[in-house]
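Chains as they are written, first to last, in the working numbering: chain A, 1 to 534; chain B, 535 to 813.
A virtual CB, placed ideally from N, CA and C, is assigned to each residue, including glycine.
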Amino acid sequence: MKKIGLVFVIVVLLAIVTGCTQSSNHVKEDVSIGAQEVKKDLILAIGSEPDAGFDPTTGWGRYGSPLFQSTLLKRDNDLNIVNDLATDYEISEDGLTWTVELRDDVVFTDGEPLTSEDVQYTFETARNRGSVLDLSILEKVEVDGDLTVKFTLAEPRSTFIHSLITTGIVPKHAHGDDYAENPVGSGPFQFVQWDKGQQLIIEKNPNYYDNQPSFEKITFLFLGEDAAFAAAKAGDVDMASIPSAFAQQQVPGMGLEAVQTVDNRGVQFPYVPSGETTEDGYPIGNDVTADPAIRKAINIAVDREALVEGVLEGYGTPAYTSVDGLPWWNSETVIEDGDMEAASTILQEAGWMEGNNGILQKGNLKAEFTLLYPASDVTRQSLAIALADMIKPLGILIQVEGKSWDEIEKRMYSDAVLFGWGSHDPLEMYNLYSSKNAGIDYYNTGYYQNNVVDDYMEQALAATDQREANEFWKKALWDGSTGLSAKGDAPWAWLVNIDHLYVVDEQLDIGKQRIHPHGHGWPVTDNLVEWKWD
Amino acid sequence: MQLSKQLNLNKRQSTLLACIVLSIIVCAVVLTGFLYDEDRIASNLEVRNAAPSFDHFFGTDWLGRDMFSRTIMGLSLSIGVGLVGAIGSASISIILGVIAATMGKVADSIVTWLIDLFLSVPHLVSLILIAFAFGGGFKGIVFGIALTHWPSLARVIRSEVMQVRSLDFVQVSRKMGKSRWWIAKEHIMPHIVPQIIVGILLLFPHAILHEAAVTFLGLGLSPHEPAIGIILSESMRYLSVGMWWLAFFPGICLLIIVRMFDKIGDNLRMLIDPHHAHR
């Protein structure tokens, strides 16, 4: 019976034990600060693992720096577009031909020079793979000599420039089947080792053509939020991303960095009634959330300000759309929320009646649906629970379930999911709401469709002028009578924008952080080359 | 046992008393757990991170959920799992133990091999594997516990049955032409029933602790469901900011229930089988 006691002691007191040991680790860390001044390496626990590996043709580098590869253009810390591999680019007057000139001094880490053929190969491969990078608009890529590339588009597309910013160039001669696990590129860093599920080790590329990073070696640890914070407290990592739940806690020797973002969290509702299935046999649609009254009532009833204060500890802002505050955002989409009475009225007018246990009913249909959240994400868990509890007095029962992404993928077409998005590229809005993207990857899993909205978004893409494009994006959000925002069809209930929080070693300078998009921690690496030990 | 000395109770009486007290506690916990609906643990962002008070006996967590209600619901779940798991485990033990002892050498060696196999792997490992194979969740944990806790009890039952079988009166019955079934029913069962009862009682705390351990590791249930293991694991994050009540009360409650069952099981074993109890 001693064994039982022992098991118990382990289960209950483990927490207390770790609590105690942490304080002693602080002491250790304080002692070792002197040694860090000469440190040339860096250990980061900043985000989740890119499961598909490090191949830009399948989506690596969309968020943050692609590390191993370099891109044609890039953004500076003020989000202006500047040259990287390109020395110049030109757009023809009809908007169909983009001509890019390359620098002539770039070599891959295997010694081969980077030429226009590699660029051609990269973009053609990425397009043919039909991955998350949407290059279907790209008609052909032509090479003119070693240093000139010509992109021809099927129609003018304002957002094509983001493809040039986010697509890392891969070497044509070394792009085999295992490239994603063993990348070769021309970026500031070269690949050393990837232990799946554990860590990624990179070192600096001595042949990099631009400013050299100041670290010899960088290790990315793939830890959950709890483990990352524990590691930071133990002094095992130099920087860790943390959820807002931990923001009040002090870590000796480390400071809190709160970075403003367009990283949003919201609930995607299945937009169509149930019945259909996907090609893989997963069910599509949900009879309850297909009712616009349910979606609108939730949007109006939820008190976003309370979620920011209560769940995010104030580190965030209310979200009304996926693009709040960006140039293509329509400020008319801000609604009066936290209004239970207005929400009740909407439901009553739509024919929802009081049923058993205070849950509304319409015929035989109960106002009840499941909301899935990724089980490992504390913030989404808290948001999901808080939302369900906020909505319950309204008579809508939200069953909250925490699942792995693998399980969510099977159910996300028929259950509401707490997703997160946010990008510097208006194309994301198109991806999320266009009926063409229904059921593709994580985009538009609710099968939302509104032809008017589709039209506006197509026009925005076709615009040759950014300002004109933005006007169409705004109309897609809300044009006075319809739109994809909560005022219109409300296929989503956006809840909050989350500040990105990091605990950073006081000796570490992470430069000027730009406004982060969504991206599970990786956006912080955008200016990794500029980081240094003070 | 101070109390039992003052009241001048012997071991039988004190065990009986403990049994009554424990059954009252367990019934109360299980009943309230089932009667409570989800509203009792609804989040209330206005009273987050509150220390224990008269409004919230066990304090509140980071979403303002009442820890007393969550603890009760967690314990109720744990006891339910423990009960079902222990009874399932005991049934498997009885069936396999009796088969091993009565169905001949081949059956005996197969069962013995199975017992050795399961004893050679740590409970928790096979429990996690089985729970995972059954698709996780409440069902997975119950099956996992039922399928991992039987070997030691099966071994006891097997040896007990073998011993009874070789006794003179059983041999005589057989010679007089009584059927196997009759012998099993009239001679063997009465001898092993006490062992089974003690076995279940002693399996129970094991089952509860393993349920807590598995949910603590984050297997099976959604991370917001009020299981004791989940409550303890999520409390770890907040211990360093001084929210001790998140772990303390649920932990103590689990400890009390487990310890009581353990004590009663031990006492009963002593009363039923004083010679072997000291082995």
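Excluding five sequence positions before and after residue 528 of chain A, the CB atoms of its chain that fall closer than 7 Å to its own CB belong to 65 and 213, given in chain order.
Residue 241 of chain A sits in a strand when the DSSP states are folded into three classes. Where residue 373 of chain A is concerned, the enclosing beta strand (DSSP E) starts and stops at 368-374. Counting only Cβ-Cβ distances below 7 Å, residue 389 of chain A has contacts in chain B at 576 and 577, in chain order.
Here residue 597 of chain B carries a coil assignment [DSSP, helix/strand/coil]. When the alpha-carbon of residue 464 of chain A is set against those of A:351, A:104, A:72 and A:158, the nearest one is in A:158.
Around the Cβ of residue 745 of chain B, a 10 Å sphere holds 16 or more other Cβ atoms; the residue is buried. From the listed residues A:402, A:434 and A:435, the smallest Cα separation to residue 419 of chain A is found for A:402. Chain A places a beta carbon closer than 7 Å to that of residue 596 of chain B, counting this residue as a contact. With a threshold of 7 Å between beta carbons, residue 401 of chain A makes contact with chain B. Residues of the segment 406-437 of chain A with a Cβ closer than 8 Å to any Cβ of chain B: none.
Out of A:386, A:378, A:49 and A:76, the CA that lies nearest to the CA of residue 245 of chain A is found in A:378. Under the 10 Å beta carbon count, residue 307 of chain A is surrounded by 16 or more other beta carbons and is classified as buried. Collapsing the DSSP output to three states places residue 523 of chain A in a helix.
Residue 502 of chain A is a Cβ neighbour of residue 257 of chain A, given a cutoff of 7 Å. For residue 250 of chain A, there is no enclosing alpha helix (DSSP H), since its DSSP letter is neither H nor E.
In the three-state reduction of the DSSP assignment, residue 482 of chain A falls in the coil class, being assigned neither a helical nor a strand state.
One alpha carbon belongs to residue 351 of chain A, the other to residue 288 of chain A, and they sit about 13 Å apart. For the segment 583-617 of chain B, the set of residues with a beta-carbon nearer than 7 Å to any beta-carbon of chain A comprises 596 and 597, in chain order. Taking a Cβ-Cβ cut-off of 8 Å, the neighbours of residue 756 of chain B in chain A comprise 375, 400, 401, 402 and 403, given in sequence order. Straight-line measurement puts the Cα of residue 442 of chain A at about 15 Å from the Cα of residue 51 of chain A. The residues 116, 117, 120 and 149, in chain order, have a CB closer than 7 Å to that of residue 143 of chain A in the same chain once the five nearest residues on each side in sequence are set aside.
Counting along the chain, the unbroken beta strand (DSSP E) around residue 268 of chain A starts and ends at 264-268.
Three or more beta-carbon pairs separated by less than 8 Å are not found between the segment 232-239 of chain A and the segment 482-491 of chain A, which leaves the two stretches without contact. Exposure of residue 104 of chain A is indicated by the presence of fewer than 16 other C-beta atoms within 10 angstroms of its C-beta. Separation of residue 469 of chain A and residue 762 of chain B (C-alpha to C-alpha, rounded to the nearest whole angstrom) is 54 Å. Beta-bridge partners of residue 81 of chain A (DSSP): A:75. Rounded to whole angstroms, residue 481 of chain A and residue 667 of chain B show a C-alpha spacing of 52 Å. Not one beta carbon of chain B lies nearer than 7 Å to the beta carbon of residue 343 of chain A. Taking C-beta atoms under 8 Å as the contact rule, residue 340 of chain A and residue 394 of chain A qualify, at a distance of about 6 Å. For residue 138 of chain A, the secondary structure class from DSSP, reduced to helix, strand or coil, is strand.
The shortest CA-to-CA distance from residue 752 of chain B to any of A:332, A:388, A:375 and A:433 is the one to A:375.
The Cβ neighbour count for residue 601 of chain B, taken over all protein chains shown within 10 Å, is at least 16; the residue is labelled buried. Counting only the Cα atoms, residue 497 of chain A lies some 7 Å from residue 261 of chain A. Within its own chain, the residues whose Cβ lies closer than 6 Å to the Cβ of residue 423 of chain A, once the five positions on either side in sequence are excluded, are 517, listed in chain order. Neighbours of residue 310 of chain A across chain B, judged by C-beta separation under 7 Å: 579 and 582.
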